[in-house]
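One structure below.
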Amino acid sequence: MSENAPTPLRPIPGTPTARRRTPDDARTILPAYVLGSPYALTPASRITQCPPPPPDLTEPSPAHLTYALTLPSAAGTPQIAQEAAESILDVHGVEEPLLVPMLALIHELTLHACRFTGAGDMVHLVLRGTPETLQALAHDTHAPHTHPRLADQCTERRRVSLAVFRDLSAQHHADWGFTPAPPPATGMCTWTTLTRAPYEAVAEEAA
Numbered sequence: 001m002s003e004n005a006p007t008p009l010r011p012i013p014g015t016p017t018a019r020r021r022t023p024d025d026a027r028t029i030l031p032a033y034v035l036g037s038p039y040a041l042t043p044a045s046r047i048t049q050c051p052p053p054p055p056d057l058t059e060p061s062p063a064h065l066t067y068a069l070t071l072p073s074a075a076g077t078p079q080i081a082q083e084a085a086e087s088i089l090d091v092h093g094v095e096e097p098l099l100v101p102m103l104a105l106i107h108e109l110t111l112h113a114c115r116f117t118g119a120g121d122m123v124h125l126v127l128r129g130t131p132e133t134l135q136a137l138a139h140d141t142h143a144p145h146t147h148p149r150l151a152d153q154c155t156e157r158r159r160v161s162l163a164v165f166r167d168l169s170a171q172h173h174a175d176w177g178f179t180p181a182p183p184p185a186t187g188m189c190t191w192t193t194l195t196r197a198p199y200e201a202v203a204e205e206a207a
């Protein structure tokens, strides 16, 4: 194979539709609308464009929001992730009724990812806004087990670790779940999705 040939890519798994879940019923496969990996899944170009194309100059808005943060697995990381997310969401004009629950979910999501990522390794946090939803997704480095008994035990550990996150998701009617990260990422990814409509209605009533 020529050294300039694009690297073959594996498809990202996904589900075409979302359905309402009970508080204890986490998804085990990524929904199609979730930004599933912090890594670029595009082949390298054979020719580098120079000067490079301009950046996205669209004005920040709640529905035009995609960020990926790489953070160390450390005690202060959940707070740092929460404060960074607060700045990002504030710049994009996310209203307080939606901002407050999402920040709480991001803190617990990052805390969980750090519990399953060893010291010296990195966790990846992805934030994404669409016209209908606000989403956060965290990647840890703890790969799935192939042995059924170990896999069941690890799944139970994850559910225990996610207890507060799960309760917050139920309280705010958020969809959530965890599943093996799509390649080329490794480990597991856990996500939460808030639907905008109920929170935007609250903001309009308060205005």
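Just so you know, the sequence shown maps onto residues 1 to 207 in UniProt numbering. Glycine included, each C-beta is placed from N, C-alpha and C at the ideal position. The structure presented is a predicted model; accordingly, all values stated were derived computationally and were not measured.
Run of the beta strand (DSSP E) containing residue i, from where it starts to where it stops
i           : result
residue 175 : 175-180
residue 128 : 122-129
residue 189 : 188-195
residue 72  : 65-72
Beta-carbon proximity of residue i to residue j, cut-off 8 angstroms
i           : j           : result
residue 222 : residue 105 : No answer is possible for residue 222: it lies beyond the span of the chain, which begins at 1 and ends at 207.
residue 134 : residue 191 : no
residue 114 : residue 144 : no
residue 187 : residue 142 : yes
residue 126 : residue 68  : yes
residue 60  : residue 100 : no
residue 168 : residue 98  : no
residue 122 : residue 66  : no
residue 103 : residue 85  : yes
residue 63  : residue 120 : no
residue 124 : residue 162 : no
residue 196 : residue 132 : yes
Endpoints, alpha helix (DSSP H) assigned at residue i
i           : result
residue 163 : 163-171
Minimum Cβ-Cβ distance from residue i to chain B less than 8 angstroms
i           : result
residue 182 : In the structure shown, chain B cannot be found, because there is only a single protein chain.
Buried/exposed call for residue i, threshold 16 Cβ in 10 Å
i           : result
residue 139 : buried
residue 82  : buried
residue 198 : exposed
residue 89  : buried
residue 109 : buried
residue 38  : At residue 38, the pLDDT of 48 sits below 50, so the modelled position is not reliable; the number obtained from the coordinates is stated separately. Residue 38 comes out buried.
residue 189 : buried
residue 20  : Bear in mind that the predicted position of residue 20 carries a pLDDT of just 40, short of 50, making it unreliable; the figure below should be weighed with that in mind. Looking at its Cβ environment, which holds fewer than 16 other Cβ atoms inside 10 Å, residue 20 is exposed.
residue 157 : exposed
residue 3   : Note that residue 3 scores 41 on pLDDT, short of 50, meaning its location in the model is unreliable; the coordinates nonetheless yield the value given after this. By the 10 Å Cβ count, residue 3 comes out exposed.
residue 87  : exposed
residue 46  : exposed
residue 173 : exposed
residue 150 : exposed
residue 54  : exposed
residue 117 : buried
residue 175 : buried
residue 182 : buried
residue 23  : Below a pLDDT of 50, predicted positions are generally treated as unreliable, and residue 23, at 43, falls in that range; no measurement from the model is reported.
Q.
Going residue by residue through the region 78-158, where are the continuous alpha helix (DSSP H) segments of at least 4 residues, counting only ones entirely within it?
A. 96-115
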